[in-house]
Structure formats: C-alpha cells, structure tokens
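3 is the number of the first residue of the sequence shown in the numbering used here; add one for each residue after it.
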Amino acid sequence: MILPRTRRGSLLAALVAFVPFAPVEADAADSTRRTLALGDARIDVVTRSLDGRGAAGVAAAFVSVHDDENTAILAADTVLPGHGGRLTELRHSGDREIGFRLGGRDHRIDPNRIFTPAGRRATLEALGVWSQPADDAVAAFADALLGAMGIDEADVVVALHNNTPDRYTVASYAHGGPLAADAADLHLRPHGDPDDFFFVTDRRLFDALAAKGHSVVLQHEATVADDGSLSVLCGRLGIPYVNVEAEHGHQAEQEAMLRDVVEVLESVRPKRIMAVATVPPAGCELVDLSTIDPTFVIDARYATTDNVTGRRLVPSGTIFLERSAAERLARVQASLRHHGLRLKVFDGYRPLAVQRALWRVKPDARYVADPAKGSRHNRGSAVDVTLVDGAGHELAMPSAFDEFGERSHLEFTDATPEALEHRELLQKVMRAEGFMPMPTEWWHFDAPGWRAFPVMDANPYQAALFPDGDTTEQDPP
Ligand SMILES: [Zn+2]
Numbered sequence: 003m004i005l006p007r008t009r010r011g012s013l014l015a016a017l018v019a020f021v022p023f024a025p026v027e028a029d030a031a032d033s034t035r036r037t038l039a040l041g042d043a044r045i046d047v048v049t050r051s052l053d054g055r056g057a058a059g060v061a062a063a064f065v066s067v068h069d070d071e072n073t074a075i076l077a078a079d080t081v082l083p084g085h086g087g088r089l090t091e092l093r094h095s096g097d098r099e100i101g102f103r104l105g106g107r108d109h110r111i112d113p114n115r116i117f118t119p120a121g122r123r124a125t126l127e128a129l130g131v132w133s134q135p136a137d138d139a140v141a142a143f144a145d146a147l148l149g150a151m152g153i154d155e156a157d158v159v160v161a162l163h164n165n166t167p168d169r170y171t172v173a174s175y176a177h178g179g180p181l182a183a184d185a186a187d188l189h190l191r192p193h194g195d196p197d198d199f200f201f202v203t204d205r206r207l208f209d210a211l212a213a214k215g216h217s218v219v220l221q222h223e224a225t226v227a228d229d230g231s232l233s234v235l236c237g238r239l240g241i242p243y244v245n246v247e248a249e250h251g252h253q254a255e256q257e258a259m260l261r262d263v264v265e266v267l268e269s270v271r272p273k274r275i276m277a278v279a280t281v282p283p284a285g286c287e288l289v290d291l292s293t294i295d296p297t298f299v300i301d302a303r304y305a306t307t308d309n310v311t312g313r314r315l316v317p318s319g320t321i322f323l324e325r326s327a328a329e330r331l332a333r334v335q336a337s338l339r340h341h342g343l344r345l346k347v348f349d350g351y352r353p354l355a356v357q358r359a360l361w362r363v364k365p366d367a368r369y370v371a372d373p374a375k376g377s378r379h380n381r382g383s384a385v386d387v388t389l390v391d392g393a394g395h396e397l398a399m400p401s402a403f404d405e406f407g408e409r410s411h412l413e414f415t416d417a418t419p420e421a422l423e424h425r426e427l428l429q430k431v432m433r434a435e436g437f438m439p440m441p442t443e444w445w446h447f448d449a450p451g452w453r454a455f456p457v458m459d460a461n462p463y464q465a466a467l468f469p470d471g472d473t474t475e476q477d478p479p
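Laid out in structure tokens, this is it:
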C-alpha cells in the first residue's frame, strides 16, 4: 500500500527532526571531536587517546563531564599520557551546567545527573523545568556521550571532578552526614583535606586506594540514591568506577591522586563484569505493552515456531518492555493513529536465556547480539516493529522480519518504491519519538537511555520459558 500523498505529507511535516549526532571530526592526531546538539546548545565531546599499552590491558575510560573543572584536566594532561586508555571531556560554555532551549522553553542540566530516567527528571526539575522533549533530547545526548567515552568496552571508568571548598566533601558520607546512605564503607585520611577524596564502586579499588592513605568512599549499591550520576550507572551495570575528587586549584594533589589511580589499576586490574539481573532492579519495570496501549497489533514471533530457531522460545505472546520504552512506543502509536496506521510489534524485552538460544542458531553479531555482551532487547529497551494499516495488514517492506541479509539493511534500495517509502515512514515516526534505528535491521529500534538498564535474565511470564525445550537439548556441546 502506498499512502495517499496528502496524508503522508501531513504526517511527515508533523515530525520534529531529531538529530543528536554529528559527524566525528579529527581534531589533532590523537583526538576526535564530536559536536552534539542539545536543543540550541552545541556541546563538543573531545576524546583523546592516551598513548600506551594501557595498565596491564585494563581498558580505562577517563572522563571529565563538568566544563568548569579545569584543575582536573590539567592534572590529567600531566599524569595520564602514556598510560593508555581514553580521556573524554565536554566543552561548551565553560560552566558546570548545560543550558539549552527546546520547544520554546529554557532547560538546564547537570551533565553528571543524566544517566538514568530518575536522574534526568530530577536534574531538569531542580534546575528549571521538565518536559518530555527535553528528557528525550538529554537521553540521546547521554547515550552519545557514553558511546564516545567507550563505556561499552571499558573495564573501568575514572571520572575527574573538582569541587568548591567545604560544600561537597568526604565528610558528607560519614555517619549522620547527608549522603551517609550512599556509602557502604568509608576510609578517612588522618588530617587530610576533606575536599580531596575518591568515590568508588569496587571493593578492591577501595581497599587499594585506602591502603595508599587516601580518603575513599565505597558506594552502597543497595541504598545509593538514584541521582542519575555516572557512579550509579556504573554500579548498576557492573563497571568498576573511580571518582577522583579534588578541590578546584588542588592540581598537585589531584596529580598525586591520579598517579596512585594508575598504579592501583595496574595492580588490581579491574574487569567489567556484565551485571545480569534476575529481577528488574529499582527504577526498571517490565510492563505488558498491551496494558500501556491495547491498540498495538502483537505478533510475538518467539512465542511461535515462526522464527529463526523453529521453536517456541517463550510461553505466551505477551510483549514486555521497560516502562519508559513502552510509554515512548505508545506515543509513536498515537502519532500514527490519526493517519489510519498502527504498529505491529514482534519483540520487546527478551530474557538472556532466549538470547542464548538465538545465538546458538545464529551466531552472527550483525543480526543477533552476543549473549556474552547482551542485547538491548535483554535490557527491555529495544523493539522490533512494523507498520500495519487500519485492517491490521502489514505494509510492504523491503524484506520480511528477521530475514537476515542485505534486504533488511537500511541502505538497501533495490526494493519497490512502496516498500522503501514504508520503511522510511517507519524510521521517521520512530525517530520522532527518540527511538534509534539499527543499520542492519529495518524493524529494530533502541530506546534512548537503554544503557541505564542492565541485561536481565528475569522471566516476567507466568510460565516457564522454552515450552518446546531449550535449543541446547538439540545441540549437545
Ligand atoms: Zn530487535
């Protein structure tokens, strides 16, 4: 079916361009600069490769997210080159916060409070006003920043911060202090300046830095406040994290702290452990998509034998999604409704056990995510969808769903004009609500902010997975 010209035109005209990414430019020999848009603000994300082999093979992502924290950058420039890893820094206004205008409103964020949904809402509200478009734009910005940092491959994240004397100090975490609930353990340097300290998520890093005589706070994963900071994200995802916190102007102190971090990384050799949640953690809720909007057409292929494995992998045709992604998808559905179209949903949240079953049949990372790394479907943050007309019939597309090959690629053009137009329309309506496409599968989209949710092996169905038996039963090792 080709959409009538007028109807399609009005729909496309109604869509807001949503372009958080910009081309990567080479800055100097060892550095790249991406200019990210956030409303009318332009933020340069500058990434420098720190030549060297890295601390005993540890992939370290150093990052400075506050543009006014210049002491940290000076210390990093002195200490880090030659130690390996990558240093990422934000450059915009020279201020700590980022202000931007979007949808006729002024917004403001702390760029270290944007990595979870709760944090994004809180920082937008605390510094101005929350709106859905602003939340979407900040989520996409956070994704791009984390990607530029290399967080998906990092064994450790080292954040560099500076603080103002006596406002945010290690004493905040002491018994009775305002942040005591965030701390599982605390080591205080005798007679040390309380503004110079480490905040870590990893017990071994805590012990090693404490043994060097520093003040160190260990994050309490169960009770830490979800403020959307990088430490909360890293704790949730199982990525060891170190914050090197020093007072503005304490360059010699911060250099000494960084030298000790480098030594500790070499001795402790932290490794990321993919955190797999068997129940959704706080701030993450898997919902039945039909309870958010009953008008989706559901065609859960993994509940049928009509999928790449030829077996039923899940016990019922219910599609689950993380709540914020489900609500986002409902907004796409609403935008299509006026035009007589709807979404058909093939898959959403996928338990890690199902991912493993798919991988055994199709171990090709272009189409199926390696379960050792996890899929965005495993985080409840990816959907596989197509368009249907008012009668529920699928619109023609360049390939079938889950057809693995070039016809499923977004760059494939040797299809009928109708199919190409439908694919383009699906891309536009999904992108208009912030969903991010995948180059090799026209049906697959990631919700912005997917990194805030861990890979899950939770079973939200009221019955056991694999009603036809697990694929391992057919393929003994
Ligand atoms: Zn998918």
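Each residue gets a CB set at the ideal place from its N, CA and C atoms; glycine is no exception.
- Bridge pairing for K214: absent [DSSP].
- DSSP places H189 in the uninterrupted beta strand (DSSP E) bounded by 185–189.
- Under the criterion of beta carbons closer than 8 angstroms, R50 and D69 do not qualify as touching, at roughly 16 angstroms.
- Per the C-alpha coordinates, the member of A224, V334, P439 positioned closest to A186 is A224.
- In this chain, the beta strand (DSSP E) harbouring T49 covers 43–51.
- Here the alpha carbon of R330 sits roughly 43 angstroms from the alpha carbon of E268.
- Placement of the Cβ of W445 at a distance of less than 8 angstroms from at least one heavy atom of ligand 1 is found.
- Taken in chain order, the unbroken stretches of alpha helix (DSSP H) that lie wholly in the stretch 223–269 and span 4 residues or more are 232–239.
- Taking F102 as the centre and dropping the five residues before and after it, the same chain places the C-beta of L40, G41, D42, A43, H109 closer than 7 angstroms to its C-beta, in chain order.
- Remark: C-beta atoms of L129 and H85 do not approach each other more closely than 9 angstroms.
- In the DSSP assignment, F143 falls within the alpha helix (DSSP H) that extends over 134–151.
- Collapsing the DSSP output to three states places I75 in a helix.
- Put simply, of L211, P180, A210, T203 the residue whose alpha carbon is nearest the alpha carbon of H222 is T203.
- Sixteen is the threshold: when 16 or more other Cβ atoms of the shown chains lie within 10 Å of the Cβ of D138, as they do, the residue is buried.
- Going by C-alpha positions, Y175 is about 44 angstroms away from W361.
- A contact between stretches requires three or more CB pairs, one per stretch, nearer than 8 angstroms, and the stretch 371–387 meets this requirement with the stretch 338–347.
- Remark: the shortest separation between the CB of M440 and any heavy atom of ligand 1 falls under 8 angstroms.
- For A332, the enclosing alpha helix (DSSP H) starts and ends at 325–339.
- Checking the DSSP bridge columns, you'll see K346 partnered with V299, T388.
- Taking every protein chain shown into account, the CB of H424 has 16 or more other CB atoms within 10 angstroms, so this residue is buried.
- Here D209 carries a helix assignment [DSSP, helix/strand/coil].
- The nearest non-hydrogen atom of ligand 1 is 8 angstroms or more from the C-beta of V356.
- Residue nearest to W445 within the set E249, T297, Y369, A173 is Y369 (criterion: CA-CA distance).
- At a Cβ-Cβ threshold of 9 angstroms, A136 and G105 count as neighbours.
- With respect to the 9 angstroms criterion, F200 and N245 are classified as neighbours on the basis of their beta carbons.
- Taking the Cβ atoms as the reference, F64 lies roughly 11 angstroms from A77, outside the contact range of under 8 angstroms.
- Remark: three or more beta-carbon pairs, one from each stretch, lie closer than 8 angstroms, so the stretch 229–243 and the stretch 146–163 are flagged as touching.
- The closest heavy atom of ligand 1 lies less than 8 angstroms from the beta carbon of V385.
- Annotation for M432: the continuous alpha helix (DSSP H) segment containing it runs 419–434.
- Annotation: E405 to F447 spans about 16 angstroms, alpha carbon to alpha carbon.
- By the Cβ neighbour-count rule, E155 is exposed, with fewer than 16 other Cβ atoms within 10 Å of its own.
- Remark: the shortest separation between the CB of H379 and any heavy atom of ligand 1 falls under 8 angstroms.
- Straight across, the Cα-Cα distance linking V266 with L260 is about 10 angstroms.
- For L288, the uninterrupted beta strand (DSSP E) run begins and ends at 288–290, by DSSP.
- V131 carries a coil assignment under DSSP once its states are collapsed to helix, strand and coil.
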